[in-house]
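Engineer:
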Amino acid sequence: MTMKRILFSALVLLTAGWSAAATTNEDGSQLWLRLDQVNTTAKITGVKGTAMTELQTYWQGGPVVLKQQKGQTKDSYTIKTQGGKTVVTAANNAGLLYGAYHLLRLQQTGQSCASLNISETPFYDLRILNHWDNPNGTCERGFAGKSIFLNPDPERIKIYGRANASVGINGTVLNNVNASPQALSTESLQNAKTIADQLRPYGIRVYLSINFASPIRLGGLKTADPLDADVISWWKNKVSEIYRIIPDFGGFLVKANSEGEPGPQDFGRTHADGANMLAKVLKPHHGIVMWRAFVYKPQSSDRANQASLEFMPLDGLFADNVIIQIKNGPVDFQPREPYSPLFTSVQKTQTMVEFQLTQEYLGAANHLVYLAPLWQEFFSFVKPASLKAMAGVANIGDDTNWCGHHFAQANWYAFGRTAWNPNLTPKEIAEEWITQTFTNNPQFLATVTQLMLDSREAAVNYMMPLGLHHIFAGNHHYGPEPWYSPRGVRVDWTPPYYHKADSIGLGFNRTLTGSANVKQYPEELCRLYNDINTCPENLLTWFHHVPWNHKMKSGRIFWDELCHKYDDGVHQARHFLALWDAMQPYVDSQRFDEIQRKLRIQARDSEWWRDACLLYFQTFSNRPIPQDVEHPVHNLDEMMRFRINISMYENPESGYNK
Ligand code: GCV
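Note that the numbering used here gives residue 598 to position 592 of the sequence shown, counting from 1, and the numbers run on in steps of one.
1. Along the chain, where does the beta strand (DSSP E) that runs through glutamate 360 open and close?
2. Once the 5 residues before and after alanine 189 are set aside, which same chain residues still bring their CB inside 6 Å of it?
3. Quick one: residues in its chain with C-beta nearer than 8 Å to the C-beta of leucine 20, no 5 flanking neighbours on either side, listed in chain order?
4. Would valine 337 and alanine 370 be called neighbours here (beta carbons separated by less than 7 Å)?
5. Between the alpha carbons of serine 660 and proline 501, how many angstroms are there, rounded?
6. One question on the structure: do leucine 363 and asparagine 417 come within less than 7 Å of each other, judged by their Cβ atoms?
7. Which residue wins for smallest C-alpha separation from leucine 224, given the options Ser191, Thr443 and Val245?
8. Using a beta-carbon distance below 7 Å, is alanine 171 in contact with chain D?
9. Assign glutamine 117 to buried or exposed, taking buried as 16 or more other Cβ atoms, counted over all protein chains shown, within 10 Å of its Cβ.
10. Return the residue from the list His556, Phe384 and Tyr655 that minimises the CA-CA distance to leucine 472.
11. How is tryptophan 297 classed by DSSP in three states: helix, strand or coil?
12. Can the beta-carbon of lysine 261 be found closer than 7 Å to that of arginine 206?
13. Phenylalanine 582 and leucine 457: beta carbons closer than 7 Å?
14. Just mark histidine 551 as buried or exposed, buried being the case when its beta carbon has 16 or more other beta carbons within 10 Å.
15. Could you tell me the alpha carbon to alpha carbon distance between arginine 562 and proline 632, rounded to whole angstroms?
16. Taking 6 Å as the cut-off, is the beta-carbon of aspartate 338 closer than that to any non-hydrogen atom of ligand 1?
17. On a CA-only basis, which of Gln62, Glu366, Ala48 and Gly52 is nearest valine 94? Give me that one, please.
18. According to DSSP, isoleucine 134 sits in a beta bridge with which residue or residues?
19. Return the chain-ordered list of same chain residues with a C-beta closer than 6 Å to the C-beta of isoleucine 134, the five sequence neighbours on each side being excluded.
20. Tell me the residue span of the beta strand (DSSP E) that contains valine 94.
21. Rounded to a whole number of angstroms, what is the C-alpha to C-alpha distance between aspartate 279 and asparagine 427?
22. Helix, strand or coil for leucine 227? Go by DSSP, reduced to three states.
23. Using 7 Å as the threshold, is the C-beta distance between methionine 318 and histidine 482 below it?
24. Just to confirm the assignment, what range does the beta strand (DSSP E) spanning arginine 647 have?
25. Give the secondary structure of phenylalanine 317 by DSSP, where H, G and I count as helix, E and B as strand, and everything else as coil.
26. Taking only the alpha-carbon atoms, compute the straight-line gap between proline 390 and serine 509 and give it to the nearest angstrom.
27. Run through DSSP, which three-state label would glutamate 32 get?
28. Heavy atom of ligand 1 less than 6 Å from the Cβ of glutamate 146, yes or no?
29. Counting C-beta neighbours from all protein chains within 10 Å, is the total for arginine 496 16 or more, i.e. buried, or is it exposed?
30. What does phenylalanine 258 pair with, by DSSP beta-bridge criteria?
31. Looking at the secondary structure, which residues open and close the beta strand (DSSP E) in which valine 71 lies?
32. At a cut-off of 6 Å, is phenylalanine 300 close to ligand 1 when judged by its beta-carbon and the heavy atoms of the ligand?
33. Exposed or buried, what is glycine 322 when buried is set at 16 or more other beta-carbons lying within 10 Å of its beta-carbon?
34. Looking only at its chain, what residues have a beta carbon closer than 6 Å to the beta carbon of alanine 325, apart from the 5 residues adjacent to it on each side?
35. Mind checking which residues open and close the beta strand (DSSP E) that includes asparagine 197?
36. Under the DSSP definition of a beta bridge, which residues are partnered with proline 630?
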């Protein structure tokens, strides 16, 4: 190396080191809203409200006029440069607020605001988060600490409101769908009122999950039969009380006759009877019912069939303020599922999709998995316009960085942006988020965007490739336990129900010769999925019991392909760590270290997944692991004895650590 070159390298190193050291440490508490306060009161004129306050506090550009103009669609806005001023026009305060955040986003992402002509309308009227928060402050499947709604801290709720409004989220369900009847007690309603009052300035309405048996458990009635006059009158009174306390209350989210929750079927009534009774009571107050279609029974030979079986006969019978809320896939937020066929089979019923932001099945708050590609995949089958709304199960808790993993914030951000405009690409959203959350350095942006875009497929590879699903550890769903089937546990809560490994092959036969689940899809897809030779390989074991020696498109036999996929996943996870290590110069050390620690866990966990699954399935396939695949570094017996002692309310400190 020449002297010049040595000096240059030293300078690069110094600069890199300096920039890392010089960047102030951040804890993630400001999310993507890392705006410097400037306080430019004079420059912002027009309609007073939160939009004005936000711009007065953070806007660094020229004068802005906020104008209200009737006639525009609710929540939509325009931004135009006129006579040296930026004019934001909207029909309501929420529209002005969204316009203000649009400007701040342009500012934060370094775009020119000199000549603007923007017109935005949200794709969905309702863009709502579902919190699975319990009265004692735990969050079901929550990996970021306790509920932010238990003893709400006004400062945190304000940031929560700003963050949601900045991406267009306009509703929030405050409590778990496994709802306590106490959620409707006067005391709880007062707490909900406090939160509603704090969120109203940010255009966010509150909603509650209800327990269908509340008339019995809270009201002391003998029944909760939705057709009983006393029950109806109990709900009428309760709803009137709610609206007295929270005049703009949004409505109810209901999990009924699912996983032991009470529902109308307990009284010989249908989902439609239950939903319509509540809808009628809410209607005079403009409230809505989001009725979940997440239903399955242990007696069912295929859980994936259940929602359509129960809801199809009711198509067209629901009131116009009922929306059927359907999880994106027919089983349960798996790393990859086909879309739930209910979306295309119902014709006369309003539906909305429920995505899960909290990573119940995707490595909790330890794995970096960017979910926008999963949602985009869903929308490539289900037309966004066929849906009424979008719900996301929140990944938010009282952890300093809100979501447990810095990168999990991206899923909150992406959810809002996708609900606003499902045509935005995962790449566009990732770039926006990275620029605001970290930096717009081109090297960082390109590397981290690609890492995020690849992360979901990597997780599929190291957890459940080729259509495998639900082979998680019982209860906490963190690691692999494809063998888990203790006596007495519902079979549909055990992995062998789903993978059906035997000496012939692996996978659930959902074809016409099996559970006939394929028949719930439109004809063309039914044909595609039904034939093992045309079924997309990424869903192969979802629809077929695939022989170990089945020839795959790569030319390999299925067993070898499975080994390769798992191994690819491990290499991807390790590669993410290497990529991140190279990002050190661009990130403050606190966030760099915290993310690096998580990526190390993810890389180790990926080996755990690969080794546990391959060694276990090998006991059925009786075939060797191909030479060009890294051979297991763990031992099946040890892994089968390994337990992580956590509940469904916590994030594991680390994964496999033997
Ligand atoms: C809120 C899965 C989860 C449960 C969750 C349920 C639901 O079964 O494991 O924790 O309960 O889905 O969505 O209702």
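Every residue, glycine too, gets a C-beta built ideally from N, C-alpha and C.
It should be emphasised that the depicted structure is a prediction, and the values quoted were computed from it without experimental measurement.
Structural biologist: According to the structure shown:
1. 357–362
2. Asn181 and Leu214
3. Because the pLDDT at leucine 20 is just 40, under 50, the model does not fix this residue reliably, and the value given afterwards should be weighed accordingly. Nothing listed; no residue qualifies.
4. no
5. 23 Å
6. yes
7. Ser191
8. The structure shown has no chain D; it contains just one protein chain.
9. exposed
10. His556
11. strand
12. no
13. yes
14. buried
15. 10 Å
16. yes
17. Gly52
18. Gly177 and Ala397
19. Gly177 and Ala397
20. 91–96
21. 34 Å
22. coil
23. no
24. Run containing arginine 647: none in the beta strand (DSSP E); it sits in the alpha helix (DSSP H), 642–647.
25. helix
26. 42 Å
27. coil
28. yes
29. exposed
30. Leu214 and Val295
31. 70–74
32. yes
33. exposed
34. Asn282 and Ala285
35. Segment 192–205 is the alpha helix (DSSP H) holding asparagine 197; no beta strand (DSSP E) there.
36. Paired residue(s): none; proline 630 is not in a bridge.
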